[in-house]
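This report concerns only the one structure given below.
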Amino acid sequence: MTQVKFSLCVYCGSRPGTDPAFAQAAAEVGHWIAKNGGQLVYGGGRGGLMGVVADATLRAGGRVVGVIPTSLVERELAHRGCTELHIVETMHERKRLMAERADAFLALPGGIGTFEELFEVWTWRQLGYHDKPIGILNCRGYYQGLLDFLNASVQHGFLNEAQQNLVVSAETALDLLPILCRSVPSHIAPPLNLI
Ligand code: AMP
Numbered sequence: 135m136t137q138v139k140f141s142l143c144v145y146c147g148s149r150p151g152t153d154p155a156f157a158q159a160a161a162e163v164g165h166w167i168a169k170n171g172g173q174l175v176y177g178g179g180r181g182g183l184m185g186v187v188a189d190a191t192l193r194a195g196g197r198v199v200g201v202i203p204t205s206l207v208e209r210e211l212a213h214r215g216c217t218e219l220h221i222v223e224t225m226h227e228r229k230r231l232m233a234e235r236a237d238a239f240l241a242l243p244g245g246i247g248t249f250e251e252l253f254e255v256w257t258w259r260q261l262g263y264h265d266k267p268i269g270i271l272n273c274r275g276y277y278q279g280l281l282d283f284l285n286a287s288v289q290h291g292f293l294n295e296a297q298q299n300l301v302v303s304a305e306t307a308l309d310l311l312p313i314l315c316r317s318v319p320s321h322i323a324p325p326l327n328l329i
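In case it helps, our numbering puts the sequence shown at residues 135 to 329.
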């Protein structure tokens, strides 16, 4: 088996969203991961942008690691084509395994599941539990409201610029991915001890 150069954990919507540009961006991300020798780590779902990013990675010859809790498998929401599909008992186990298997994190457009995952790894990073890069794909300005709110939070003194700068954002996958994956550590990080 060829060596995997990096593992990118992608958080994204279990729905496709209303703008076809979102699915196009998810497909670009999957394709880029595979063509650059990486591996996708994600929530193991087959719907929405989750399914799109996984299918695009597989189609371009890449590996896909899905991590999904039993409850979602029972509802037949798992992507059965994953190279590795890990079925775990709880959401906590799932997020822990996803984070352990990742060298970097990327949030694509999504809903509350995506927001929660993004904010969790960001919080862990500011606390020094890991030092992995985190990115937000502001596709078609989807995250502009959030980025503006974060600026307001800095102005109001609840967030400092160093914390804010732990996350990088860009409007296109091709601008963001090389920044995120360039700074990927070459070593495999030790398991997180978080929960
Ligand atoms: P959301 O953004 O609310 O659609 O939630 C998507 C995020 O939460 C993904 O990154 C998944 O890890 C998790 N998630 C939520 N719903 C599902 C689902 N139906 N199948 C798999 N994962 C899901």
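Even glycine gets a Cβ: it sits at the ideal position worked out from N, Cα and C.
Thinking residue i and residue j are a contact (beta carbons under 8 Å), I'd like their distance in whole angstroms, please.
| i | j | result |
| --- | --- | --- |
| R228 | V222 | 5 Å |
| S148 | G181 | 5 Å |
| V138 | G171 | 7 Å |
| I310 | G269 | Residue 310 is actually Leu in this sequence, not Ile. Confirmed, about 5 Å. |
| V302 | L314 | 7 Å |
Report buried or exposed for residue i, applying the criterion of at least 16 other Cβ atoms within 10 angstroms of its Cβ.
| i | result |
| --- | --- |
| D265 | exposed |
| G200 | buried |
| R316 | exposed |
| T191 | buried |
| A296 | exposed |
For the ligand AMP, I want to know if residue i counts as a neighbour, meaning its beta carbon is within less than 7 Å of at least one of the ligand's heavy atoms.
| i | result |
| --- | --- |
| R149 | yes |
| Y145 | yes |
| T248 | yes |
| I167 | no |
| G269 | no |
| I202 | yes |
| L206 | yes |
| L174 | no |
| G185 | no |
| L211 | yes |
| G182 | yes |
| F215 | Looking at the sequence provided, one finds Gly at residue 215 rather than Phe. No, Cβ of G215 sits at least 7 Å from all heavy atoms of the ligand AMP. |
| E251 | yes |
Just to confirm my understanding: we take residue i, look at its own chain, exclude 5 residues before and 5 after, and list those with CB closer than 8 Å. What are they?
| i | result |
| --- | --- |
| V187 | V144, C146, A160, A161, V163, G164, L174, Y176, L242 |
| F156 | G147, P150, L183, L242, P243, C273, R274, Y276 |
| L231 | V201, H220, V222 |
Looking at chain C, is there any beta carbon in it that lies within less than 8 Å of the beta carbon of residue i?
| i | result |
| --- | --- |
| P154 | In the displayed structure, chain C is absent; only one protein chain is listed. |
Tell me which residues share the same chain as residue i and place their Cβ nearer than 7 Å to its Cβ, disregarding the 5 neighbours each side in the sequence.
| i | result |
| --- | --- |
| T204 | I221, E223 |
| Q298 | L284, V288 |
Residues in the same chain with beta-carbon distance under 6 Å from residue i, minus the five sequence neighbours each way, listed in chain order, please.
| i | result |
| --- | --- |
| G245 | G147 |
| F239 | C143, V255, I268 |
| A323 | Only weak support exists for where A323 lies, its pLDDT of 43 falling under 50; the coordinates are left without a value. |
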